[in-house]
Amino acid sequence: MILILAPGTDPDSEEFRRLENYLRQLPNIRHRVHQEVGEQQKLTEVYLIGDTGSLSLDEIASLPAVERVVRVSEEYRILGRHRDDRRPTHFEYNGVRFGQDTLNVFAGLCAVNNREDTEAMMKALQQQGQLCTRMGAYKPRTNPYSFQGLGKDCLPWVFELAGKYGIRVVAMEVTHENHVEEIREALEHTGHPTGVMLQIGTRNTQNFELLKYVGRQREFPVLLKRGFGITLEESLNAAEYLASEGNRKVVFGLRGMKTNMGDPHRNLVDFAHVPVVKRLTRMPVCIDPSHSVGSRERAPDGLLDIMHVTAQGVIAGANMILVDFHPHPERALVDGPQALTLDELPWFLEDVRLAREAYEQRCRLASSRQP
Ligand code: PEP
Ligand code: MN
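Below, the structure written as structure tokens:
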């Protein structure tokens, strides 16, 4: 059960003390307070954990400071969608809105290789009016002898270049809690020219200690990728780990499933799950067409498979696209064969716009048919 308190409720107030005193005496029930400090107001929610079945909704709703009560199912208590649940499905970060109703493109380098290519990427994004990018500094590689990413050394100039070209959010994978500290220090050192969305990759979806660590910090939002060989339910539970530790700014990423059934694509594209994740949870949903398809193969109609699957995700309501680009794919140190080139960026964005427009028309058609 979740108690949503009146906006601005002060945890030091007499009202709040009376509420907590009441909750403490309930048998077999623990409670946990979650606070969200927004620009305008402080939002407080109290989670009741345990034997809540016998509690009366009306009685709890009449307690001091309580505005609304939501009875939650066992699964995904915080990030899930529950009956009569009108809690928001969006969050803001560094001036960018991430919601189940928005669409942000994160085109960029799978792995940062040098300053020149990073700058060319950022400049192309600015020319197209983009505010977000992806930049890999820490790369989890299958082979220990493969390039592992430039690591913390590249962070200061990556962030400075992002700031120079007006980029507000950089999606960057972390594979260890130290990486979060290195990112925090580099942002501090460079005067916060941009923001970072921490990415947890498919190999770490169930790295529970990393999830807890990233969940405990609230400075950075998180993109959690679906595990490539586990069920959707298991991956959604992994997202709930982040939220249960306190960070609810979570985007859920689909990146294809590892199975040879998807051949010749690198992974079996799973973007049919975009609306499923939106129905089960309140998270915005990201698609990664690059790691799903894994190549620049082109269909007879002239469109790259990467563009086809992007459109499939967008027309199904995707809220974020994480996509590999590179100014010189032939010299990319990771995943060059799946990178789109900078001269393809305007084409890609226009193709996305068409698919988004079709999605919006589909929503209008659906709502006109609702009784
Ligand atoms: C990536 O986005 O660079 C990446 C490694 O993706 P995934 O975790 O989905 O394999
Ligand atoms: Mn990659």
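Mapping of the sequence shown onto numbering that gives the first Met the number 0: residues 0 to 370, in sequence order. Even for Gly, the Cβ is constructed at its ideal location relative to N, Cα and C. Small disclaimer: the values here were computed from a predicted structure and weren't measured.
Cut-off 6 Å between Cβ atoms - residues of its own chain near residue i, not counting five sequence neighbours on either side
i	result
Ala-60	Val-68
Glu-35	Leu-42
Asp-84	Val-69
Ile-314	Ala-354, Ala-357, Tyr-358
Gly-261	Leu-267
Lys-138	Ala-110, Gln-147, Gly-148, Val-333
Ile-48	Arg-29
DSSP-derived helix/strand/coil call for residue i
i	result
Asn-142	coil
Met-260	helix
Asp-323	strand
Thr-201	helix
Glu-333	The displayed chain sequence assigns Val, not Glu, to residue 333. Looking at Val-333 - three-state DSSP - the assignment turns out to be coil, as it is neither helix nor strand.
Leu-364	helix
Met-134	strand
Leu-372	As shown, the chain starts at 0 and ends at 370. That puts residue 372 outside it, with no answer to give.
Val-71	coil
Ile-59	helix
Gly-49	strand
Thr-309	helix
Ile-28	strand
Arg-297	strand
Leu-302	coil
Of the listed residues the options, nearest to residue i (C-alpha basis)
i	options	result
Gly-374	Pro-328, Glu-13, Arg-76	The first residue shown for the chain is 0 and the last is 370, placing residue 374 beyond what the model contains.
Lys-163	Leu-149, Arg-82, Phe-146, His-191	His-191
Val-249	Arg-281, Ser-294, Val-275, Thr-117	Arg-281
Glu-296	Ile-48, Gly-228, Asp-84, Gln-337	Gln-337
Glu-44	Pro-87, Pro-26, Ala-161, Glu-74	Pro-87
Leu-210	Thr-230, Phe-227, Leu-235, Thr-189	Leu-235
Gly-148	Arg-140, Phe-158, Asn-142, Ala-136	Ala-136
His-175	Thr-204, Ala-271, Glu-159, Asn-259	Thr-204
Lys-224	Tyr-212, Met-256, Ser-243	Met-256
Leu-321	Asn-177, Asn-142, Leu-222	Leu-222
Glu-232	His-178, Ile-48, Arg-278, Cys-362	Arg-278
Asn-112	Gly-335, Arg-352, Arg-368	Gly-335
His-272	Arg-265, Val-284, Pro-263	Val-284
Arg-140	Ile-48, Gln-198, Leu-102, Arg-202	Arg-202
Leu-339	His-89, Phe-105, Ser-12, Gly-200	Phe-105
Gly-200	Asn-177, Ala-161, Met-171, His-89	Met-171
Ile-286	Glu-58, Arg-265, Asp-57, Asn-318	Asn-318
Leu-108	Gln-369, Leu-160, Ala-331, Val-351	Ala-331
Ile-229	Ser-243, Leu-253, Glu-66	Leu-253
Arg-363	Gly-316, Val-276, His-325	Gly-316
Glu-91	Glu-58, Tyr-144, Val-168, Phe-207	Val-168
Arg-17	Pro-143, Thr-189, Leu-62, Ser-289	Leu-62
Cβ of residue i within 8 Å of any chain D Cβ
i	result
Asn-177	In the structure shown, chain D cannot be found, because there is only a single protein chain.
Neighbourhood of residue i by C-beta, 7 Å cutoff - its chain only, sequence neighbours within 5 removed
i	result
Phe-15	Thr-8, Asp-9, Ala-64
Glu-166	The question names Glu, but residue 166 in the sequence shown is Ile. Only Met-121, Leu-124, Leu-130, Cys-131, Thr-132, Thr-193 meet the Cβ criterion.
Tyr-46	Ile-1, His-30, Arg-31, His-33, Arg-76
Arg-114	Trp-156
Leu-348	Val-104, Gln-127
Val-71	Met-0, Ile-1, Gly-79, His-81
Contacting residues, own chain, Cβ-Cβ under 8 Å from residue i (five flanking each side not counted)
i	result
Ala-298	Asp-304, His-307
Asp-50	Pro-26, Asn-27, Ile-28
Val-275	Leu-231
Check: residue i C-beta below 7 Å from any heavy atom of the ligand NAP
i	result
Asp-100	With respect to the ligand NAP, the structure offers nothing, as its ligand set consists of the ligand PEP and the ligand MN.
Original post:
Are the region 153-163 and the region 184-197 in contact at 8 Å, needing three or more beta carbon pairs?
Top reply: yes
Subject >> Three-pair Cβ contact test at 8 Å for the region 1-13 versus the region 215-223 >> reply: no
Subject >> Segment contact, 8 Å Cβ cut-off, at least three pairs: the region 120-127 with the region 337-345 >> reply: yes
Original post:
Does the region 91-99 come within contact of the region 132-148, defined as at least 3 CB pairs closer than 8 Å?
Top reply: no
Original post:
Are there three or more Cβ pairs, one per stretch, closer than 8 Å when the region 347-357 is compared with the region 308-322?
Top reply: yes
**OP:** Enumerate, from N- to C-terminal direction, the unbroken beta strand (DSSP E) stretches of 3 or more residues contained entirely within the region 82-130.
**Re:** 89-92, 95-98, 103-107
**OP:** For the region 298-307 and the region 230-247, state whether three or more C-beta atom pairs, one from each stretch, are separated by less than 8 Å.
**Re:** no
Original post:
Which ranges would you report for the alpha helix (DSSP H) in the region 210-286 if only whole runs of at least 4 residues count?
Top reply: 231-243, 273-279
Subject >> alpha helix (DSSP H) segments (min. 4 residues) lying fully within the region 143-196 >> reply: 154-163, 176-188
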